[in-house]
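In the numbering used here, the protein residues as written are 17 to 275. One structure is given here, and the rest of the page talks about it.
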């Protein structure tokens, strides 16, 4: 059965003065499954964008395509002036400028937290060991776990591990941070500490795209809410408009379920 998404009521996207991410007609298929369908999206430098929607709507696929973890099937993606094609140098440049934080931390279990943070700057950017260490300590302090630097991931709580993962991404000094449901694997009491860290980054002016169901966080931090369903952007607007008067029935039903 064909599923039709109502898009005619979509609110106008805010004017972007200095785009840092652009997607034009981006689609992604897995065999016969259409994960993304004709995505057009522009993200401005310093903008905080929350991507929400039901499971399977394409949210994680979208941000993974922006970092070329997933290769898009059709369309055009430009990140910080580099188009994502088969050019390995451009892909590497985009990944240097784009930090990614996953649901399940993805820390190396055989390395200490400090070593986890030092690895990428040394291997990817050629930063010296002492400079990498100073950078790591700086960002571990930034996320308030510098006292855990000598421990291994298994010795930390879930919330501490996720903050370590954020610090590790920040050690590459990215221009953009992508968060893929960063609190979904955490116990409820650990969610707050991770969200507070992310709020702090948002206040610093970091460009952020975050897939999340934490709608309180979205209300407080987002410049724009993007609502997806069945691989399409159904609606996008500022948080006030989205939460008080969503323009599509699908968004209204979603908000009734999670609020």
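Think of the CB as a built atom: it goes at the ideal place given N, C-alpha and C, for glycine as much as any other residue. Since we're looking at a predicted model, the values are computed, not measured.
CB contact below 8 Å: residue i versus chain D
{"i": "residue 36", "result": "Annotation note: the requested chain D is absent from the structure, which comprises a single protein chain."}
Proximal residues to residue i (C-beta, below 7 Å), its chain only, five neighbours per side dropped
{"i": "residue 155", "result": "133, 183, 186, 187"}
{"i": "residue 176", "result": "161, 164"}
{"i": "residue 138", "result": "145, 148"}
{"i": "residue 56", "result": "39, 40, 41"}
{"i": "residue 167", "result": "128, 129"}
{"i": "residue 44", "result": "51, 52, 77, 81, 86, 88, 89"}
{"i": "residue 70", "result": "245, 270"}
{"i": "residue 255", "result": "234, 235, 238, 241"}
Span separating the alpha-carbon of residue i from that of residue j
{"i": "residue 238", "j": "residue 64", "result": "5 Å"}
{"i": "residue 5", "j": "residue 229", "result": "Any property of residue 5 remains undetermined from this structure, which presents the chain solely from 17 to 275."}
{"i": "residue 204", "j": "residue 211", "result": "11 Å"}
{"i": "residue 207", "j": "residue 75", "result": "20 Å"}
{"i": "residue 95", "j": "residue 103", "result": "13 Å"}
{"i": "residue 105", "j": "residue 98", "result": "10 Å"}
Distance between beta carbons of residue j and residue i, contact taken as under 8 Å
{"i": "residue 82", "j": "residue 241", "result": "Contact doesn't hold; Cβ gap of about 17 Å is too wide."}
{"i": "residue 159", "j": "residue 199", "result": "With 8 Å as the limit, residue 159 and residue 199 do not qualify as a contact, their Cβ atoms being about 14 Å apart."}
{"i": "residue 227", "j": "residue 195", "result": "7 Å"}
{"i": "residue 318", "j": "residue 111", "result": "No statement about residue 318 is possible, as the shown extent of the chain runs from 17 to 275 and does not include it."}
{"i": "residue 197", "j": "residue 119", "result": "5 Å"}
Cβ pair residue i, residue j closer than 8 Å
{"i": "residue 251", "j": "residue 234", "result": "no"}
{"i": "residue 245", "j": "residue 73", "result": "yes"}
{"i": "residue 174", "j": "residue 136", "result": "no"}
{"i": "residue 125", "j": "residue 169", "result": "yes"}
{"i": "residue 121", "j": "residue 178", "result": "yes"}
Alpha helix (DSSP H) segment containing residue i, residue limits
{"i": "residue 154", "result": "145-158"}
{"i": "residue 231", "result": "231-237"}
{"i": "residue 188", "result": "First-last for residue 188: undefined, no H or E at that position."}
{"i": "residue 101", "result": "Premise fails: residue 101 is in no alpha helix (DSSP H) and is neither H nor E."}
Residues near residue i in its chain [Cβ-Cβ closer than 6 Å; skip 5 each side]
{"i": "residue 193", "result": "115, 222, 224"}
{"i": "residue 26", "result": "Caution applies to residue 26, whose pLDDT of 41 falls short of 50 and renders its modelled position unreliable; the value that the coordinates give is listed next. Correct list, in chain order: 251."}
{"i": "residue 143", "result": "137"}
{"i": "residue 62", "result": "221, 223"}
Span of the beta strand (DSSP E) around residue i
{"i": "residue 68", "result": "64-68"}
{"i": "residue 35", "result": "35-46"}
{"i": "residue 226", "result": "223-227"}
{"i": "residue 80", "result": "Not the beta strand (DSSP E): residue 80 falls in the alpha helix (DSSP H), residues 75-82."}
{"i": "residue 196", "result": "192-196"}
{"i": "residue 252", "result": "248-253"}
{"i": "residue 114", "result": "114-117"}
{"i": "residue 261", "result": "Note, residue 261: premise wrong, no beta strand (DSSP E); not H, not E."}
Nonlocal neighbours in the same chain, by C-beta distance under 8 Å from residue i, ignoring five residues either side
{"i": "residue 215", "result": "233, 236, 237"}
{"i": "residue 172", "result": "129, 161, 164, 180"}
{"i": "residue 54", "result": "41, 42, 43, 91, 248"}
{"i": "residue 123", "result": "129, 132, 169, 177, 180, 181, 184"}
beta-carbon residue i near the ligand FAD non-hydrogen atom, thresh 7 Å
{"i": "residue 185", "result": "With respect to small molecules bound, the structure shown includes none, and the ligand FAD cannot be examined in it."}
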